[in-house]
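Single-structure report; data block below.
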Amino acid sequence: MRYKGIILSFILAGMISTGCTGSMEMKTSKEREEESTKGNPRIRIGVFQPLTGAAAAGGRMTLEGIQLANHLFPEVLGKRVELVVIDNQSDRTEAVNAVRRLIQEEKVKAIIGSYGSSLSIAAGEIIKKEKMPAVGCSPTNPMVTLNNDYYFRVCFADPFQGTVMANYAVRDLGAQKAIIVQDEVQEYSLGLSRYFMEAFQESTGNEDSILGVYNYHSGQQDFSNILGEIKKNSGDVVFAPGNYIESALLIKQAREMGIQIPFLGGDTWEAPDFREIGGEAVEGVIFSSHFSEEAQVTRRTQLFLEEYEKKHQREANAFGALGFDAYLVLLDAIKRAGTDDSEKIRGALAETENFEGATGKITLDKNGDAQKSAVIMKVENKKLSYVTFVEAE
Amino acid sequence: MASMTFQVFMQHLTNGISLGSLYALIAIGYTMVYGILRLINFAHGDIFMIGTYVAFYGVTLLALPWWLSFIVAIIFTCFFGMTVERAAYRPLRNSPKISVLISAIGVSFFIENLAIVVFGGRPKAFPIPPMFNKIINIGGVSIVSLTFYIPVITLLLLMGLVYFIHHTKTGMAMRAVSKDYEAARLMAIDVDKIISLTFGIGSLLAAVGGIMWGLKFPQLVPLMGVMPGLKCFIAAVIGGIGDIKGAVLGGFILGLGEIMLVALLPALTGYRDAFAFILLILILLVKPTGLMGQKLTEKV
Amino acid sequence: MKNTKRILNIISIIALIGLLFIFEQTFDSYKMRIVNLCGIYVILGLSLNLINGFTGLFSLGHAGFMAVGAYTAGLLTLSPAMKQMNFFMKPIVPFLAEVEWSFLPALIMAGLVTALIGFLIGAPALKLRDDYLAIATLGFGEIIRVVFTNTQSLTNGALGLKGLPTHTNIWWTWGIAFITILFMVFLIKGSYGKAFKAIREDEIAAEAMGISLFKHKVMAFTMGAFLAGVGGALLGNLLGTIDPNMFRFTLTFNILLIVVLGGIGSITGTVISAVVVTVAMEYLRVLDEAINLGFIRIEGIPGMRMVVFSLLLMIVILFYQNGLMGSNEFTWDWFLEKKFLKKSGKKEVKQ
Numbered sequence: 001m002r003y004k005g006i007i008l009s010f011i012l013a014g015m016i017s018t019g020c021t022g023s024m025e026m027k028t029s030k031e032r033e034e035e036s037t038k039g040n041p042r043i044r045i046g047v048f049q050p051l052t053g054a055a056a057a058g059g060r061m062t063l064e065g066i067q068l069a070n071h072l073f074p075e076v077l078g079k080r081v082e083l084v085v086i087d088n089q090s091d092r093t094e095a096v097n098a099v100r101r102l103i104q105e106e107k108v109k110a111i112i113g114s115y116g117s118s119l120s121i122a123a124g125e126i127i128k129k130e131k132m133p134a135v136g137c138s139p140t141n142p143m144v145t146l147n148n149d150y151y152f153r154v155c156f157a158d159p160f161q162g163t164v165m166a167n168y169a170v171r172d173l174g175a176q177k178a179i180i181v182q183d184e185v186q187e188y189s190l191g192l193s194r195y196f197m198e199a200f201q202e203s204t205g206n207e208d209s210i211l212g213v214y215n216y217h218s219g220q221q222d223f224s225n226i227l228g229e230i231k232k233n234s235g236d237v238v239f240a241p242g243n244y245i246e247s248a249l250l251i252k253q254a255r256e257m258g259i260q261i262p263f264l265g266g267d268t269w270e271a272p273d274f275r276e277i278g279g280e281a282v283e284g285v286i287f288s289s290h291f292s293e294e295a296q297v298t299r300r301t302q303l304f305l306e307e308y309e310k311k312h313q314r315e316a317n318a319f320g321a322l323g324f325d326a327y328l329v330l331l332d333a334i335k336r337a338g339t340d341d342s343e344k345i346r347g348a349l350a351e352t353e354n355f356e357g358a359t360g361k362i363t364l365d366k367n368g369d370a371q372k373s374a375v376i377m378k379v380e381n382k383k384l385s386y387v388t389f390v391e392a393e
Numbered sequence: 001m002a003s004m005t006f007q008v009f010m011q012h013l014t015n016g017i018s019l020g021s022l023y024a025l026i027a028i029g030y031t032m033v034y035g036i037l038r039l040i041n042f043a044h045g046d047i048f049m050i051g052t053y054v055a056f057y058g059v060t061l062l063a064l065p066w067w068l069s070f071i072v073a074i075i076f077t078c079f080f081g082m083t084v085e086r087a088a089y090r091p092l093r094n095s096p097k098i099s100v101l102i103s104a105i106g107v108s109f110f111i112e113n114l115a116i117v118v119f120g121g122r123p124k125a126f127p128i129p130p131m132f133n134k135i136i137n138i139g140g141v142s143i144v145s146l147t148f149y150i151p152v153i154t155l156l157l158l159m160g161l162v163y164f165i166h167h168t169k170t171g172m173a174m175r176a177v178s179k180d181y182e183a184a185r186l187m188a189i190d191v192d193k194i195i196s197l198t199f200g201i202g203s204l205l206a207a208v209g210g211i212m213w214g215l216k217f218p219q220l221v222p223l224m225g226v227m228p229g230l231k232c233f234i235a236a237v238i239g240g241i242g243d244i245k246g247a248v249l250g251g252f253i254l255g256l257g258e259i260m261l262v263a264l265l266p267a268l269t270g271y272r273d274a275f276a277f278i279l280l281i282l283i284l285l286v287k288p289t290g291l292m293g294q295k296l297t298e299k300v
Numbered sequence: 001m002k003n004t005k006r007i008l009n010i011i012s013i014i015a016l017i018g019l020l021f022i023f024e025q026t027f028d029s030y031k032m033r034i035v036n037l038c039g040i041y042v043i044l045g046l047s048l049n050l051i052n053g054f055t056g057l058f059s060l061g062h063a064g065f066m067a068v069g070a071y072t073a074g075l076l077t078l079s080p081a082m083k084q085m086n087f088f089m090k091p092i093v094p095f096l097a098e099v100e101w102s103f104l105p106a107l108i109m110a111g112l113v114t115a116l117i118g119f120l121i122g123a124p125a126l127k128l129r130d131d132y133l134a135i136a137t138l139g140f141g142e143i144i145r146v147v148f149t150n151t152q153s154l155t156n157g158a159l160g161l162k163g164l165p166t167h168t169n170i171w172w173t174w175g176i177a178f179i180t181i182l183f184m185v186f187l188i189k190g191s192y193g194k195a196f197k198a199i200r201e202d203e204i205a206a207e208a209m210g211i212s213l214f215k216h217k218v219m220a221f222t223m224g225a226f227l228a229g230v231g232g233a234l235l236g237n238l239l240g241t242i243d244p245n246m247f248r249f250t251l252t253f254n255i256l257l258i259v260v261l262g263g264i265g266s267i268t269g270t271v272i273s274a275v276v277v278t279v280a281m282e283y284l285r286v287l288d289e290a291i292n293l294g295f296i297r298i299e300g301i302p303g304m305r306m307v308v309f310s311l312l313l314m315i316v317i318l319f320y321q322n323g324l325m326g327s328n329e330f331t332w333d334w335f336l337e338k339k340f341l342k343k344s345g346k347k348e349v350k351q
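Chains as they are written, first to last, in full-length UniProt numbering: chain A, 1 to 393; chain B, 1 to 300; chain C, 1 to 351.
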């Protein structure tokens with residue numbers, strides 16, 4: 001029968017793409033663990049990041065930084081550090097599953113991740129319950145570390161980021177009226193919008209300085225109704241924090257509809273995909289970020305930049321730097337704890353003070369947050385250019 | 001909303017027309033396949049996705065000029081659609097309807113999952129040739145040039161298709177097969193070949209639709225075909241499945257309806273994706289043959 | 001003979017309980033989760049099989065039913081303090097704010113609410129047939145998801161619910177799975193089951209025999225919805241976190257896969273394939289992930305697992321249309337006589 005041949009070729013196509021990779025060696029977790037304990041002792045650290053799905057670009061950039069740090073500093077307490085990476089598929093439920101597997105099946109001692117506040121918040125519940133120390137790289141929403149003694153982060157939080165952008169809009173751009181466009185599904189976007197709004201009202205001294213708040217949801221592709229509203233009331237700036245894909249489409253469609261108001265956003269826009277999807281339309285867009293080559297802060301910055309560019313042959317980014325720092329902060333805590341006991345690592349993490357990371361000096365406060373400075377970036381000629389530096393409060 | 005200015009209204013109208021044209025193009029594929037096989041080709045949305053990705057790789061990986069890459073993508077997708085039919089539907093031609101439906105769902109999932117593996121899960125940016133990206137300003141209404149091209153291309157393809165079906169021998173054979181496939185076979189029509197051709201044409205239109213979709217929403221993900229696929233099927237049902245003009249009508253109703261609904265009633269924005277399904281269920285319950293469909297005789 | 005069967009039944013039930021007990025004592029929490037998932041998928045598979053397999057109604061709205069069940073149970077069992085934490089965007093509707101039920105009534109309520117929704121959907125939609133029914137139920141499933149995304153004060157919208165009490169354990173899942181199996185066996189053996197099968201084989205003939213098509217279709221659909229709701233509730237309370245995006249069409253596909261692999265219209269087949277598919281889905285995760293061999297690092301391919309599964313489904317549909325069991329069942333007679341009576345399952349009415 002002829003169709004059997006076609007089906008066979010379907011199957012073959014599938015097999016070739018997996019071929020040597022999938023079936024070569026399948027080990028159960030137990031075997032893997034045994035292997036890791038005999039011979040040279042190891043410490044297993046779990047990493048959960050979005051490697052596929054809507055936030056994949058951010059997750060992959062962060063992972064590059066973590067892996068780079070692991071490559072440069074592979075040992076602690078005389079043991080090799082082994083990274084166990086799980087893809088959370090940019091999905092809340094998968095993030096919970098991933099962390100659960102890291103703790104229960106992979107038996108890791110600590111966890112790093114995740115890009116995306118909503119993913120970190122979803123996983124936080126398990127992290128707290130299982131008493132597993134975790135270090136977030138770039139989730140900026142306050143709820144990630146709030147009421148959670150086991151979650152730490154090496155980046156600033158959204159109240160600061162929102163304030164930075166509001167102050168910049170008012171003082172440097174002279175804005176008096178702002179419009180907010182937010183993703184009603186992402187804690188990141190909602191939180192950042194709220195803090196921006198408060199700071200903007202305070203900075204302008206005008207309760208009515210926010211002309212409107214418009215919602216969209218992750219995965220939306222057509223923004224014509226929001227843009228129609230924006231076109232009607234002419235604000236000075238639009239603040240639209242959100243995932244880089246939706247944000248890029250939003251700005252692209254805004255420019256196509258002839259809306260020329262400046263767009264401001266948050267740290268997610270650093271992803272190169274934002275510029276690829278947005279193209280010409282995102283020229284001149286301004287956003288806050290964690291780190292820039294122009295504003296090098298410590299010796300580690302230099303090391304990170306050199307090694308990153310050597311390994312990847314392209315410019316470094318903030319997410320990579322934060323991943324790099326998260327790993328180093330964790331390593332430092334393990335060293336100070338003198339053991340790989342999870343509870344002791346948590347204790348040492350909480351005492352992190354003036355740790356020199358690539359993104360600046362890191363001191364973790366009682367919430368588990370880092371007090372850090374921010375930089376403001378602008379898209380110019382399809383590249384990021386550094387605008388200014390804002391000291392931590 | 002009373003406060004909507006004429007400019008903003010025109011903006012929404014052009015937007016709705018271009019979205020409607022895309023829906024129409026893809027809906028034709030559903031309607032043609034349904035007309036002949038009485039089968040919902042669940043994989044149609046994924047064929048659309050394949051077309052977009054091939055065009056993307058043509059431009060980026062093979063560095064072809066964009067027009068050549070688009071042509072290659074359209075031809076490839078055409079054959080891809082025929083392959084799907086041969087592999088997943090032809091072996092089940094005499095099986096119960098439920099088996100064929102499961103097969104359709106299965107092949108759709110297979111293509112989606114294979115696409116995640118082959119194309120990667122990270123969204124990609126579709127490169128837009130400058131000629132589609134010019135912004136034109138007419139009386140305060142700012143329109144991107146693509147918005148003009150989409151309905152024009154749709155219209156040209158539609159005219160070509162109608163001519164083909166009504167004025168060529170193969171087109172006549174197609175109509176015969178869709179009316180009665182046993183009788184067509186007795187008239188010495190190679191039914192398998194006609195069905196294959198139908199899939200080819202449907203997939204070709206899906207590829208064109210997919211490429212234009214990519215130009216309009218330049219973000220490619222392996223599951224990008226799922227929602228447009230379902231919506232276009234709904235468009236075909238609204239217009240009266242099996243009828244090409246009906247599919248076009250349905251596409252425009254759905255496209256314009258979606259845009260206008262959220263523009264006029266912003267409170268319902270979140271329900272936008274449900275709009276199509278609610279419309280579908282209403283149509284199915286009130287007038288199952290759609291707006292333009294004739295009554296299909298149930299094949300026993 | 002009858003006595004032997006009764007003894008065998010009792011022995012196997014005791015063996016099952018013993019086995020679950022051993023699992024509970026020896027398995028770590030990760031493996032326990034898989035055992036739990038198996039039980040839940042048995043329930044879900046049977047509920048879909050009741051609608052699709054036994055009654056021949058091609059429904060694709062299962063993910064929607066599960067969402068209703070999971071949210072109902074979730075909202076009823078979530079503690080008032082956690083509710084306040086969850087609903088930070090918009091406060092929860094007052095009548096739910098202070099509610100905190102124990103698990104069993106919450107489960108029953110989840111089933112009942114889902115059954116009601118199933119009835120409301122089924123009553124109009126079951127006039128449709130085959131692919132129209134399929135697409136309409138799929139549409140209803142999507143509408144449920146979109147509604148849940150938007151009713152923020154009821155479901156917390158797309159942010160989902162976190163911190164659900166994790167009541168679900170193997171006694172709940174397998175206990176309910178066992179009750180479901182018994183229920184299905186008696187239902188299918190009884191007059192309703194015969195009516196369902198008659199409708200599946202030939203609607204016109206069934207109607208001519210005096211079977212009320214509408215009544216039986218709606219009944220099967222509603223019962224299936226009830227079970228799907230309970231399954232969804234168990235799943236929600238197992239995971240601890242739910243959001244509307246979880247209940248996409250993919251979830252329905254997974255259950256459909258179980259039903260098709262097991263054999264459309266076979267209880268035994270569904271039970272076996274639910275367990276096999278669930279365990280395999282977990283085990284095959286290695287396909288998706290990087291394997292570290294110390295020196296060489298083999299990059300896993302995210303998504304490979306699902307490719308394997310959809311390929312498997314296609315092969316079964318194209319070459320082994322009957323699945324594992326066809327429409328046959330496991331019986332002690334067969335077991336005792338070691339005889340596989342292949343014809344017995346196919347003797348049903350055909351024109």
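The beta carbon of each residue, even a glycine, is placed where N, CA and C say it ideally should be.
Subject >> Residues that Asp273/A contacts on chain B, provided the C-beta gap is smaller than 7 angstroms >> reply: Pro123, Ala125
Subject >> Neighbouring residues, chain B, relative to Ala56/A (Cβ below 9 angstroms) >> reply: Gly120, Gly121, Arg122, Pro123
Original post:
Rounded to a whole number of angstroms, what is the C-alpha to C-alpha distance between Thr28/A and Ala274/B?
Top reply: For Thr28/A, the predicted structure reports a pLDDT of 45, less than 50, and the residue's modelled location is therefore unreliable. A value from the coordinates is still provided. Cα-Cα distance, rounded: 43 angstroms.
**OP:** Please check if any C-beta of chain B sits within less than 8 angstroms of the C-beta of Ser273/C.
**Re:** no
**OP:** Over the uninterrupted beta strand (DSSP E) stretch that includes Leu92/B, give me the two end residues.
**Re:** Looking at the DSSP string, Leu92/B is not in any beta strand (DSSP E), and its letter there is neither H nor E.
Original post:
For Leu46/C versus Lys217/C, is the C-beta spacing smaller than 8 angstroms?
Top reply: no
Original post:
Of all the options Asn169/C, Leu239/C, Leu311/C, which has the alpha carbon lying nearest to the alpha carbon of Glu125/A?
Top reply: Leu239/C
**OP:** Using only alpha-carbon positions, find the residue among Met82/C, Gly303/C, Ser310/C, Ala274/C that is nearest to Val286/C.
**Re:** Gly303/C
Original post:
Going by C-alpha distance, which of Ile103/A, Leu322/A, Phe287/A is nearest Glu130/A?
Top reply: Ile103/A
**OP:** Answer yes or no: does any C-beta atom of chain C fall closer than 8 angstroms to that of Leu300/A?
**Re:** For the record, residue 300/A in the displayed sequence is Arg; it is not Leu. No, its Cβ sits nowhere closer than 8 angstroms to a Cβ of chain C.
**OP:** With 8 angstroms as the threshold, decide whether the Cβ of Lys287/B is near any Cβ in chain C.
**Re:** no
Original post:
So, helix, strand or coil for Leu83/A, using DSSP?
Top reply: strand
**OP:** Just the C-alpha distance for Gly265/C and Asn328/C, rounded to the nearest angstrom, thanks.
**Re:** 8 angstroms
Subject >> As assigned by DSSP and simplified to three states, the class of Met49/B >> reply: helix
**OP:** Under 8 angstroms Cβ to Cβ from Phe249/C, same chain only, skipping five residues before and after it: list those, please.
**Re:** Leu60, Ala63, Leu138, Gly141, Glu142
Original post:
So the beta strand (DSSP E) Tyr386/A belongs to, where does it begin and stop?
Top reply: 383 to 390
**OP:** With DSSP as the reference, label Phe148/C as helix, strand or coil.
**Re:** helix
Original post:
If you measure from the beta carbon of Arg80/A to each beta carbon in chain E, is any gap under 8 angstroms?
Top reply: Among the chains of the structure shown, chain E does not appear; the protein chains present are A, B and C.
**OP:** Grab the span of the alpha helix (DSSP H) containing Asn317/A for me, first residue to last.
**Re:** It is not in any alpha helix (DSSP H) - Asn317/A carries neither H nor E in the DSSP assignment.
Original post:
Which chain A residues are close to Gly45/C, counting only those with a beta carbon under 7 angstroms from its beta carbon?
Top reply: Those within 7 angstroms of Gly45/C in chain A number zero; the least Cβ separation is about 20 angstroms.
Original post:
If the cut is a Cβ gap below 7 angstroms, which residues of chain B does Leu311/C touch?
Top reply: Phe110
Original post:
Helix, strand or coil: which one does DSSP assign to Glu356/A?
Top reply: strand
Original post:
Using a Cβ cut-off of 8 angstroms, which residues of the stretch 137 to 156 of chain C contact any Cβ in chain B, in chain order?
Top reply: Leu138, Gly139, Phe140, Glu142, Ile143, Val146, Val147, Thr149, Asn150
Subject >> Boundaries (first-last residue) of the alpha helix (DSSP H) holding Leu268/B >> reply: Segment: none, Leu268/B is in no alpha helix (DSSP H) and carries neither H nor E.
Subject >> Length at least 4, wholly inside the stretch 169 to 208 of chain A: the alpha helix (DSSP H) runs in chain order >> reply: 187 to 204
**OP:** Identify the contact partners of Ser142/B in chain A, using a Cβ-Cβ distance below 7 angstroms as the criterion.
**Re:** Glu256, Met257, Gly258
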